[in-house]
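Asks: What follows is a single structure, and I will ask about it in a moment.
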DNA sequence: TTTTAATCGAGAAAAATATATCGAGAAATT
DNA sequence: AATTTCTCGATATATTTTTCTCGATTAAAA
Ligand SMILES: NC(=O)c1ccc[n+]([C@@H]2O[C@H](COP(=O)([O-])OP(=O)(O)OC[C@H]3O[C@@H](n4cnc5c(N)ncnc54)[C@H](O)[C@@H]3O)[C@@H](O)[C@H]2O)c1
Ligand SMILES: NC(=O)c1ccc[n+]([C@@H]2O[C@H](COP(=O)([O-])OP(=O)(O)OC[C@H]3O[C@@H](n4cnc5c(N)ncnc54)[C@H](O)[C@@H]3O)[C@@H](O)[C@H]2O)c1
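Take a look at the structure:
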């Protein structure tokens, strides 16, 4: 790989890296300085070569016999995922799921910082959750332009999701984390990451159905 | 494929099927009787061959020029995912995320029916959410045995997740839908489906970081 | 010091997944 | 009735992702 060559990173790699990070953070707390790909792989039931290849993307090189330096690897993964410079985000839809996300303090460790929420229900406007203010949705266009927010989180009902996405994009948002079970119709330069819980469930229920069938 | 041969279904296929279902349900509401793989593919920005291949798993065969019958396909996918006979589930951890899930009526359409929730906080026990009773966690072993529940949902803090998983398995649960960001250590016959929101975020933040970098 | 054991990283191989090609069938159009 | 258009589904190909193999390197043990 030459100096400035941009190498494509497979999504499966991106999804595994935070899992490594989770182990590494724990090891660091335990005072462990070095870790091998074998150890990470064993904990996550993966192949050690895969772990090594994933780590290779971050640019960190290990040492035979001992492995990787824990703090160095943590830093490299966080930097690779862009989690070292936290990006501001808006959340739209302060319903039950939206409230849970707003209430979760952990996301700051994962690269995003929710600075405001919006809802179409006038009764929700004016309140705060964990010091995050909730505004009426009408305020979104103005505020997103002024605050240069780049990430939008959609937790509105499916029927409203596309409308909200359009507002976000008009407001300058570049990436959308979408929890509504619909396909967003957005320009292709907009990054969309869907959290499709029904897709997750489909894997679970199908496997369960199979395993029950197999027992017969 | 001979009569009783069990064909392995790739996970990516299982994750796409509910997305098809969502389109199909909408089309059915609009009174549309037939749909082609091309149309589904266009809406989801997929390849039509892939859609056809996925549908093939459900056993439905289409007709040239017109495609597939919408109601028939809906039924086939639901049956394939085991969503036609809804499975009872327990949820453990009636915190903010757990409450959101308990409050969501949509899961009954996705094959699961949450019949009870548990929490270690005595103050939460006794209440109900959407008519779902919340019990103290101590009641879990007894109740799960008596009620023959097969699915467990974990929405407790990461530190408590493994302990809860063990209790669930002892109680006869066969499949776990895990929202805690930890690797559950369970026997291999137990089905675990993780919802790793930090993994989803890692994809988003990395891509965003890249796209911002590329513009420079 | 020599031996042993563990690991990395490069390259090859295998497996899984996605995409392309094309003949045949069915509906609509001429 | 012939032609065009669209689609399915079988097969082949391409791409992506995972796993395997192995020599080199390092630390610890003998
Ligand atoms: N709650 C869950 O467990 C769960 C699970 C899976 C998926 N989801 C999805 O997440 C989304 C939200 O679910 P929920 O349970 O929080 O629903 P909810 O009804 O509790 O919350 C939706 C919120 O969005 C607001 N809203 C509606 N239209 C709006 C608009 N145009 N602009 C701004 N705000 C608007 C409503 O006022 C409400 O506060 C839905 O798409 C749902 O399918 C939720
Ligand atoms: N809220 C979110 O948006 C969000 C996002 C990503 C991941 N998660 C994960 O979901 C889980 C729950 O998050 P949350 O925000 O709802 O937390 P929370 O603190 O609001 O809820 C946790 C609940 O679990 C209960 N609990 C704790 N230990 C228990 C035990 N041993 N047995 C039974 N109940 C127990 C607590 O009493 C509490 O009610 C966490 O693992 C968190 O990392 C949450």
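Residue numbers (the numbering used here), protein chains in the order written: chain A, 1 to 216; chain B, 1001 to 1216. In this text, a Cβ means the ideal position worked out from N, Cα and C, and glycines have one as well. The model shown is predicted, which means the values in this text are computed figures rather than measured ones.
(1) Just checking residue 1163 of chain B against ligand 2 - is the residue's beta carbon closer than 8 Å to any of the ligand's heavy atoms?
(2) Who are the near neighbours of residue 16 of chain A in its chain, counting only those whose CB is closer than 7 Å to its CB and skipping five residues on each side?
(3) Using the C-alpha atoms, what's the distance from residue 186 of chain A back to residue 1086 of chain B?
(4) Run down chain A in chain order and give the residues with a C-beta less than 7 Å from the C-beta of residue 1198 of chain B.
(5) Can you give, in chain order, each stretch of the beta strand (DSSP E) that sits fully within the region 155-183 of chain A and has at least 3 residues?
(6) Given a cut-off of 9 Å, decide if residue 156 of chain A and residue 92 of chain A are closer than it, judged by their beta-carbon atoms.
(7) According to DSSP, which residues form a beta bridge with residue 1203 of chain B?
(8) Go to residue 1011 of chain B, then tell me how far its alpha helix (DSSP H) extends in each direction, as first and last residue.
(9) Restricting to runs no shorter than 3 residues, where is the beta strand (DSSP E) found entirely within the region 1086-1119 of chain B?
(10) Alpha carbon to alpha carbon, how far is residue 59 of chain A from residue 1188 of chain B? Give it in angstroms, no decimals.
(11) I'd like to confirm something about residue 179 of chain A: is its beta-carbon nearer than 8 Å to some heavy atom of ligand 2, or not?
(12) Please tell me whether residue 131 of chain A has its Cβ less than 9 Å away from any Cβ of chain B.
(13) Please say whether residue 1096 of chain B and residue 110 of chain A have beta carbons closer to each other than 9 Å?
(14) Give me, in chain order, the residues of the same chain whose beta-carbon lies closer than 6 Å to that of residue 1021 of chain B; leave out the 5 immediate sequence neighbours on both sides.
(15) At the level of alpha carbons, what is the spacing between residue 207 of chain A and residue 1013 of chain B?
(16) With residue 78 of chain A as the anchor, note down where its alpha helix (DSSP H) starts and where it stops.
(17) With DSSP as the reference, please indicate the residues paired to residue 145 of chain A in a beta bridge.
(18) Are there 16 or more other CB atoms within 10 angstroms of the CB of residue 1176 of chain B, so buried, or fewer, so exposed?
(19) Could you give the distance in angstroms between the alpha-carbon of residue 2 of chain A and the alpha-carbon of residue 67 of chain A?
(20) Would residue 1209 of chain B and residue 81 of chain A be called neighbours here (beta carbons separated by less than 9 Å)?
(21) Taking residue 173 of chain A as the reference, give the member of A/181, A/164 and A/180 with the closest Cα.
(22) Report the option in A/31, A/144 and A/131 whose CA atom is closest to the CA atom of residue 69 of chain A.
Replies: Let me spell this out:
(1) Along the second chain, one-based indexing puts residue 1163 of chain B at 163. Yes, ligand 2 has a heavy atom inside 8 Å of this Cβ.
(2) In the first chain, the residue the question calls residue 16 of chain A occupies position 16. Result list for residue 16 of chain A: 54, in chain order.
(3) The count along the second chain starts at 1 and reaches residue 1086 of chain B at position 86. The count along the first chain starts at 1 and reaches residue 186 of chain A at position 186. Rounded to whole angstroms, residue 1086 of chain B to residue 186 of chain A spans 34 Å at the Cα level.
(4) Reading the second chain from its first residue, position 198 is the one you call residue 1198 of chain B. Going along chain A in sequence order, the residues near residue 1198 of chain B (Cβ under 7 Å) are 18 and 110.
(5) 175-178
(6) Within the first chain, the letter at position 92 stands for residue 92 of chain A. Within the first chain, the letter at position 156 stands for residue 156 of chain A. Cβ atoms of residue 92 of chain A and residue 156 of chain A: closer than 9 Å.
(7) As a first step, residue 1203 of chain B is located in the second chain; it is residue number 203 there, counting from the start. Partner(s): none; residue 1203 of chain B has no beta bridge.
(8) Locating residue 1011 of chain B in the second chain gives position 11, where the first residue counts as 1. From DSSP, the alpha helix (DSSP H) with residue 1011 of chain B extends over 1011-1029.
(9) 1087-1092 and 1112-1119
(10) Taking the first residue of the second chain as 1, we reach residue 1188 of chain B at position 188. Taking the first residue of the first chain as 1, we reach residue 59 of chain A at position 59. Spanning the two alpha carbons is a distance of roughly 34 Å.
(11) For this step, residue 179 of chain A is matched to residue 179 along the first chain. Checking every heavy atom of ligand 2 against the Cβ of residue 179 of chain A, none is found closer than 8 Å.
(12) As a working note, residue 131 of chain A is residue 131 in the first chain. So, not an interface residue.
(13) In the first chain, the residue the question calls residue 110 of chain A occupies position 110. In the second chain, the residue the question calls residue 1096 of chain B occupies position 96. No; because the gap between Cβ atoms is not below 9 Å, this pair is not in contact.
(14) Translated into positions along the second chain, residue 1021 of chain B becomes position 21. Same-chain partners within the cutoff: 1077.
(15) For the purposes of this step, residue 207 of chain A is taken as the residue at position 207 of the first chain. For the purposes of this step, residue 1013 of chain B is taken as the residue at position 13 of the second chain. About 13 Å.
(16) Indexing the first chain from 1 puts residue 78 of chain A at position 78. Counting along the chain, residue 78 of chain A sits inside the alpha helix (DSSP H) bounded by residues 70-80.
(17) Counting from one through the first chain, the residue named residue 145 of chain A turns up at place 145. Looking at the DSSP assignment, residue 145 of chain A forms no beta bridge with any residue, so it has no partner.
(18) Your numbering for residue 1176 of chain B matches position 176 in the second chain. By the neighbour-count definition (other C-beta atoms within 10 Å, threshold 16), residue 1176 of chain B is a buried residue.
(19) Here the question's residue 2 of chain A lines up with position 2 in the first chain. Here the question's residue 67 of chain A lines up with position 67 in the first chain. The predicted position of residue 2 of chain A is uncertain, since its pLDDT is 35 and thus under 50; no value can be drawn from it.
(20) In the second chain, residue 1209 of chain B corresponds to position 209, counting from 1. In the first chain, residue 81 of chain A corresponds to position 81, counting from 1. Contact flag set, yes.
(21) By 1-based counting over the first chain, the position of residue 173 of chain A is 173. It is A/164.
(22) Mapped onto the first chain, residue 69 of chain A falls at position 69. Answer by Cα proximity: A/31.
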